[in-house]
Each structure stands twice: as C-alpha cells, then as structure tokens.
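Note sheet for the following structure.
Residue numbers (my numbering), protein chains in the order written: chain U, 1 to 433; chain A, 1001 to 1377; chain L, 2001 to 2204.
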C-alpha cells in the first residue's frame, strides 16, 4: 500500500469497472456454475412434501412465502447443518468468540482495568472482529529453515482436531453430529492428538524457544492425560455406558457431581492443564520463553491457533457439563409454543396469515439448549477465573502434581464409585434411580 | 591471531553437555542486562552477569557540569526513585559547601523520598509478578502507583524524574492542599496493601515457587557486602535510616523490617513491609512538619567547594546509595562516584544462581531487587 | 572555607591534620564560608585512627578525621596487611564502594576503598576510607604497565565487581583478582580508560 495513487481519469475508471464485470461473468459461467452442478450431483437433496428440493425450488420462497418454513425445517435436519452450524463448528466458534471477549472484560474488571472499550458502541463489543481483520491482513512469515509442509499444516490440524472434539458433544437430545456408542473413548482418542500437533508445530519451527515450549507442552499434556481418563472411569462404572447422550439421560434426577465430587475436581484440574491455561500455561510462558510453541506463527496462522484453542476450551467445558453437571437437564422454562398460531394463524389487524410448518424447533429442544448453554457458560467462567489469581507453576511441580497427586485422587474416586455400586446405592437396581 | 590477549580475556571451550543460554537484553524476562547462563539439563552450572547495556557515563558527565547542573542527569539512573538518588548528592554537596537546610525542607524531603520509595517498590513488585506469570500482580501495582505519582506531580511538576531535591533544600514548596491529599492517598493505599497480602503473598503457588530457593545465609550476606532488602531478609538489621539517620529520620517513629529466612520469598516480602513502614513515616512526618517556613537556602551562582571530599549515603529502594564527591576549587566536582545498591547486590547473582533449577531463575534473579539501569549508571 | 591539606602517601611526611567541622548560620545569601566555630576532634574516630597508626607506624598516614568518617592513606605495598588488620581487629567487614580518582598533575591514580561494618554495633555509622596511590603512565596499557596494585578480594570479598569496574574505567590492574575483565564497557572498546582526565567527552 505504498504506491502513490496516480491521477484519476474517468475513462480509466470506467474501463476498470467493465473489466471487473467481465471477469466476474467469465468466472461465474466457466467456473462457478460447473462447480455448483458437480457439488449438487453429490449432495443428497432432501424431499419436502413429496417433491425433490432442487435449487430452483429452493428459490421459490421469493414467490411463495408459505413454502419457506418446510424447506428451512428440512434443511435443519440435514447433516451439513449439524456439522457446520449447530451443534457443530458454527455454534462452537460463536461461543469461542464470545469467550475471548468475555475473558478480556472479566479479567480486566478483576485487575482494576476496563478491557476493550473503543471498538463498537457498547463497551468494545466489536473488538474481536477488528482483531480478526487485523490478523487477516498481516503478513505470514515463515522462518527460512522451517519444515514448510508441517508448518503450514499445523494450525489447520489443530483447528481440525478441536472441531473433531466438538463433533462428539451432544447439545440437546438428538442433536449431536456424531452419535457414537463409544463416545468417551472417542473423546480420549481425539484428545491424544493434541500433544502430537503441538510437538510437530514446535519442531517444524526450527527455533530454540518453540523447541523448549513444545517439549514442555508434551510433558504437560501427557502427564495429565492419565488422570483425565481415570477420573471419568467412575462415571462409566456407575452408568454402564460410554455413550455421551445416554450419560446425560441418566442424570435426569440427580447430577453426578453430587456423588463424585473428587472426580469432578480432578477432571477440572486436568482440564486446565490440557487447555494450557494459567496456572498451567508453561508451554506459552511469556516471561521465560517468549511465546513458547506459538512463537513463530504470525498472521492468520496465529489466529487459527487461537481459534482452535478457544474451541477446545468450549469443548472441554461442554464435556464437563455433560459428564458432571447434567448436560441439558433442567426444569422446563421455555414457554410452550402457542397452539393458536398453528391452527388459526397470526392475526394482525384485518389480515390473517397461516404459516404452515411452524414450529421450527420444538420446545423441548430449545429448553435443553438453553440449560446446556447456561451451564457451559458457568463452567467457562470458572475456567477463566484462575488467570487473575494464580502465577505460573514450575515444571517439576507440575509433573509432581500430575503424576502423583492427581492419579492418587482419581483412584480414590474410582474406589468411591465401586463402593457406591456394590453397596447397591446407585446403578441398575440400586436405591436411587 | 596469536597476539597476546589482553589480561582478563579468556578462551572458552565448547562442551557437549552444557548449553549456553543468553538470557539477553532482548528477552521479556531479563530487564536491560544479559545473563550468560550455562545449563546442564535443568540445573544452572554457572551464571555470568553482563551488565552495561545502559551505561551512559554518569560519573564522567558529572565532572563537566557544576553542582546545580548535575541534578537533572544524576537522577536518570533510577527515574522513578529520583528523590532517593539525589538525596546523598544533596547531602554531600551541602557538607562540602557548608549549607544548612531549613526544617520544613527536611520534612518535605523525607516525605518525597518515602513516596518515591513506594513508587519504585510497586513497580518492582509488578515486574516480579509478571516474571512469575501473575498478571493481576502486574496490573494492581501499576494502578496504585498512580496515586503517588499524582502527589509527586503536584509537588514537582513531573511524574517521574522530578529533579526536586537541590543542595540547600527542595526546589519549591508543597501546594496548599498537599497534606490532606497525601493523607487520603496513604490511607487508601494501606488498605490496598492488605489485598496484596491475600492475592500474592499468601498465594500457595507463589509460595511453592519462591520458598526455599536462592537461600542467602547471614554470614554470606555480610561477606558479599549486600545491602538493602537483600541484607535485611537474611537477618541483618541494617537500615541506614535507623543506623545513620540523615535529615529528620531520628524524629520519626518507624521500625526497620528484618526477616530471617534469606530465601526468595523473604526477599520479596521485605520491600512490601517497607512500604507499610513508609506509610507510617509519611503520616508521622505530615504531623510533625512545620506549617510554614522557607524551603530552600539559596546559593551563590557557581558555588565552589574547597579541596575536600565527602561521602554520604541514604537508604533507597534498592539499598544503600552512596555518593563520594571530591571537589577542588572549581565549580564542577573533581570526581563523583555513585555507589548504588544494585551494583553491590550484583555479586549475589552468580553466587545464588549456581546450582539452581532453570525454572527458578526468574524468581531468584528479580527478587534481588536489581534495577539494571541503576547498576550501569 | 575549610582548608585541608591532602597528604601524599610519602612515608617521610607525617602530617597531623586539624579537623574541624564548619558550622554555617542559615543566612539566605551565603557567599563566603566563615569559620565560625572550631569543634574538637571526635574521640571515637580518633581512637580507631590512632590504633591503626600505632600498629603500622610510618606506613600509614591519617588523611582526616571527621564525625563518622576516617581516612587512612597507605602505600600499595602495605595495603594488604593494613586491610587484614582492619578486617580482623577493627571488625570492618565489607566495602561500600571502590573508586579511582585520577590526578594527572601529580601523575598518580588514587584508589579509594570505603569500608563499613554490618556486624559491629559501635561501628555502624563509621566509614573508613582506605586510600592508596599508584603511578600513572601517559599512554596506558591496562594490565601491562605500572598501574597495578594487589587486589583486596581475598580480604573483602565484596570488592570483586567494584575492582573490575575500576580496572576498565581507569586502567588499574589488580593482581590476584581472578577475573579482570570488562564489566560495563562494551567488548570492543578500544580507547583509553574513560574515567581518566585525558579522555575528553566530545565537544568539551
């Protein structure tokens, strides 16, 4: 952006506009339309009211609004919507973005500051967008001797793994991207990827400080994975299933945190360590090793790593909610959908409109989502708290904690679960159902 | 290249096992100096401090300016604590020129010096927090400093680098609302210090990281010639304000704070206790200060000392700050030597860091209350 | 103005100093210094100084005796024994600072040690100034010329970094110091030691 603008000439301007239009048309017809046709060849088009939904039919909402809602409703049931928007990546990214903003404000209030204030009219609410734009416009610098394929792929792998973790999480009954019978095992398998990606990206950076940061991250994540797994075994023993949706359904009357508080504490601590949050943020220790394994990332690669990091935060917080806090169970607070609108339509003055296809989403699902979001946001707030209170822990104290104390506590938790099961208190045929 | 090397330059062998780390001037955890640390795995084998990155030749410059012109540049080694570094200079020059300072000026000097001590100690505490990763402990002192910087701005006109103390008194009198404002700020600050205790000094992670690291015994502290909070945290009760009182410190009622452990936790705690004492001193001095009077004894232009020398010392935030002024019959000092607490404590660094874990390096290094700019002068 | 004679460390001269502290009246315009009062010598400091002089005789010369400040001048050959005596018998245990003063007019460099005491209660206010003079050459070759003296590091460990700084700033080589190296100056400093009077700041 350092060239001086040449003199303005109207003819040149008009020529450039027509040039632009020409290119748009050429690309659209020669490249765009064939791609759309090829894609539509492979995607399954849903059937609505007995008719196959083609793109042309989808555009008929412009002419006939009464056919909009069934189309949208059927779109809501497709897999693509589940993966991309809710409860998949779009939902997670939205909560992640909100978390970043809330963290900055929350931390600022604790530290006698104000946080972002100027972007956007209301207390800096557009700060995140401006940060994203800034990161997009920065130059991506790759160190000369870095291992280029892995270096480029590492942030993408990171976001991908975080998204894979999100796909296993049920938000409302029936609303989960991948309903696997071995849900918890799949969660652990995905979590096992994170140290690999961290070490790969730090090794590929070919520099001293990322190297130290990567090794520290490796030690930290591996030593805390075992207590993570062990602390959940108690729940698996008591519910008898690995499926996450069934675990939530088993918590309809009571939450598991009441019976297994030690497991919850261990899981929460290992969660902080897996997410590299203070007090366990050694891999990114600013005052000792500049920025740890993220040092060499710049521009949008850094943005992707941050996004992946916060999506991971949401996923873990959601996992905590599902396993210990009862998932989406809660009293019904969502108002029921008024029946008159379906049977008699909406009356506004002299006009009565009947809109078939309402309600879009049923009351139960909305209530479940509401409770899930409230609980997850609560857990996220508690995860954000230690950042303002604790300094960073040292590496040998960290390994000490992970290998000795937390594994010990996790075993205690398993014994408690076994005792409750065999005493006939919980589990199938127990006193409390 | 086989010429004889100048004395003191040694060749170094490169070892397989030992890695040399440059915790250099361009590092978020080092301040303006370089530590050449040799590490064997996780243990520090040797540490060689390399100060001098901010050396500006204060002592040489002082030989070219007369006694009043020396004031603005002599306070630059520690800009926050500028009253304390000018204090021994003013006392020494007053001794050389034979000037008597009015009573009100002495009290104002004491109050300004204590305010500066709090300003410096809060800055140091903030950086200590951030070295350990505690961001709240970085933000709170920076915010609370503003109280005192406000007061000092009202006194002298500048937020830092006040150039307020001159030989003969202070540059100008305190503004009329100074006393009540000062009292209000100091009362609020004492309440804030209780909160620092909770979040920082009783924090279990902090205690784990700093207790038992970098232990300096009492004999070693005396033998190494340390000073200030490093000395007092090792069990030696030596505070110049008590032992060799200057100005009106003998009239004021305070204790010198001594802790016995000698580890990093004690070294980080003594300045905090000092700040509590400073609040008491300020309140006491405000009560006892004469309500009116001149604050400056004017000097003839170009005052000349005789063939004489003077050495005065003062307790600053880092330790004993001494000025050795040699004068001949010219308006400029013949030689001015500044003996700063940071430079005297520098010898603790290779001594304490040997054998420590690398993770303890920030905790020990910054707990020595080392201000790199001052040590370089 | 108080007049004091600076003694050189020549053993044949033992000059007795009269020391008095000049008290000023606080007038708003002080232009000349007047000797308005003569105060007798402080006795405690005099006792310390006389102990040193009585032990070493002609080798040490008293510079001055002021309240809380004593100055002893010696020769560089005797400085080790004087310093050990000061440490062992008189209980001074650390050095507050070590400075060098350049006197090109008499072709000498003076190295001044300020010694203090932490452990002895009576000596807490005292600072003993131990000074010695070394020959100065016009073209310095730090480390290889005659400006050298024995290092006091084995007696007072605290002078280690101070002596290094004195070496680089004035060119005084300390024999017996394990590490005579640059401390504050950059590694590629090729000029004469900066605190010498020959070294002029640009423009002055």
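Every residue gets a Cβ at the ideal spot worked out from N, C-alpha and C, and that includes glycine.
Check: If you count every other CB in all the chains shown that lies within 10 Å of the CB of residue 9 of chain U, and 16 or more means buried, which is it?
Finding: Within 10 angstroms of the beta-carbon of residue 9 of chain U lie fewer than 16 other beta-carbons, which makes it exposed.
Item checked: Where the segment 1183-1216 of chain A meets chain U: residues whose CB sits under 8 Å from a CB there -> Here the close residues are 1199, 1203, 1205, 1206, 1208, 1209.
Note to self: Run through the DSSP bridge pairs and tell me what residue 2069 of chain L is partnered with.
What the structure shows: L/2066, L/2127
Next item on the list: Report the three-state DSSP secondary structure of residue 8 of chain U (helix, strand or coil).
Entry: Looking at residue 8 of chain U - three-state DSSP - the assignment turns out to be coil, as it is neither helix nor strand.
Check: To the nearest angstrom, how far is it from the Cα of residue 1113 of chain A to the Cα of residue 1083 of chain A?
Finding: 5 Å
Notebook entry, point to check: List, in order along the chain, the chain A residues whose C-beta lies closer than 7 Å to that of residue 397 of chain U?
Noted result: 1208
Next item on the list: Note the first and the last residue of the continuous alpha helix (DSSP H) segment covering residue 1070 of chain A.
Entry: Segment 1070-1074, the alpha helix (DSSP H) holding residue 1070 of chain A.
Notebook entry, point to check: When we look at the beta-carbon of residue 99 of chain U and count the other beta-carbons within 10 Å, is it buried (16 or more) or exposed?
Noted result: Looking at its Cβ environment, which holds 16 or more other Cβ atoms inside 10 Å, residue 99 of chain U is buried.
Check: So, is the C-beta of residue 2096 of chain L closer than 8 Å to a C-beta in chain A?
Finding: yes
Check: In three-state DSSP terms, what is residue 139 of chain U?
Finding: coil
Checklist line | residue 1320 of chain A - partner residues in DSSP beta bridges | finding: In DSSP, residue 1320 of chain A forms a bridge with A/1315.
Next item on the list: Kindly give me the distance between the Cβ atoms of residue 2164 of chain L and residue 2180 of chain L, rounded to whole angstroms, as I take these residues to be in contact under 8 Å.
Entry: 7 Å
Notebook entry, point to check: Out of A/1200, A/1102, A/1049, A/1300, which has the shortest C-alpha to C-alpha gap to residue 1172 of chain A?
Noted result: A/1102
Note to self: Quick check for students: name the residue ranges of the alpha helix (DSSP H) that lie wholly in the segment 1149-1197 of chain A, counting only runs of 4 or more.
What the structure shows: The segment 1149-1197 of chain A contains these whole alpha helix (DSSP H) runs: 1178-1196.
Next item on the list: Tell me whether the beta-carbon of residue 2057 of chain L lies closer than 8 Å to the beta-carbon of residue 2169 of chain L.
Entry: no
Margin query: Taking a contact to mean a Cβ-Cβ separation below 8 Å, would you say residue 2155 of chain L touches residue 2134 of chain L in this structure?
Written below: no
Note to self: Using C-beta distances below 8 Å, list every residue in its chain close to residue 85 of chain U, excluding the 5 sequence neighbours before and after it, in chain order.
What the structure shows: 91
Checklist line | Start-to-end residues for the beta strand (DSSP E) that takes in residue 2201 of chain L | finding: Here residue 2201 of chain L belongs to no beta strand (DSSP E), and DSSP marks it neither H nor E.
Note to self: From the DSSP secondary-structure annotation, give me the bridge partner or partners of residue 2115 of chain L.
What the structure shows: L/2095, L/2128
Checklist line | Counted within 10 angstroms of its Cβ, other Cβ atoms place residue 124 of chain U as buried (16 or more) or exposed | finding: buried
Notebook entry, point to check: Mind checking residue 374 of chain U: buried by the 16 CB within 10 Å criterion, or exposed?
Noted result: exposed
Margin query: For residue 1403 of chain A, report the span of its beta strand (DSSP E) as first-last.
Written below: With chain A covering only 1001 through 1377, there is no way to say anything about residue 1403 of chain A.
Check: Do the CB positions of residue 1315 of chain A and residue 1223 of chain A come within less than 8 Å of each other?
Finding: No, they are not a contact pair.
Item checked: Cα-Cα separation between residue 1180 of chain A and residue 1170 of chain A, rounded to whole angstroms -> 20 Å
Checklist line | Reference residue 1306 of chain A, options A/1329, A/1294, A/1300, A/1226, closest by Cα | finding: A/1329
Next item on the list: List the residues of chain A that residue 389 of chain U touches, going by C-beta distances under 7 Å, in chain order.
Entry: 1136, 1199
Notebook entry, point to check: What number of angstroms, rounded off, separates the C-alpha of residue 152 of chain U from the C-alpha of residue 2183 of chain L?
Noted result: 44 Å
Note to self: Report the start-end ranges of each alpha helix (DSSP H) in the segment 244-294 of chain U that is 4 residues or longer and not cut off at the edges.
What the structure shows: 244-249, 256-259, 261-274, 286-289
Check: Does DSSP classify residue 298 of chain U as helix, strand or coil?
Finding: coil
Check: Per DSSP, residue 2110 of chain L is paired with what?
Finding: L/2101, L/2133
Margin query: With a threshold of 8 Å between beta carbons, is residue 1143 of chain A in contact with chain U?
Written below: yes
Check: What whole-angstrom Cβ distance do residue 1063 of chain A and residue 1335 of chain A have, given they're in contact under 8 Å?
Finding: 7 Å
Next item on the list: For residue 1339 of chain A, decide whether its Cβ has a neighbour in chain L, counting only Cβ atoms nearer than 8 Å.
Entry: Residue contact with chain L for residue 1339 of chain A: present (Cβ-Cβ distance below 8 Å to some residue of chain L).
Next item on the list: Identify whether residue 1362 of chain A lies in helix, strand or coil by the three-state DSSP scheme.
Entry: helix
Checklist line | Beta-carbon proximity of residue 156 of chain U to residue 304 of chain U, cut-off 8 Å | finding: yes
Margin query: Quick check on residue 320 of chain U: buried or exposed, where buried means 16 or more other Cβ atoms within 10 Å of its Cβ?
Written below: Counting Cβ neighbours within 10 Å, residue 320 of chain U comes out buried, since at least 16 surround it.
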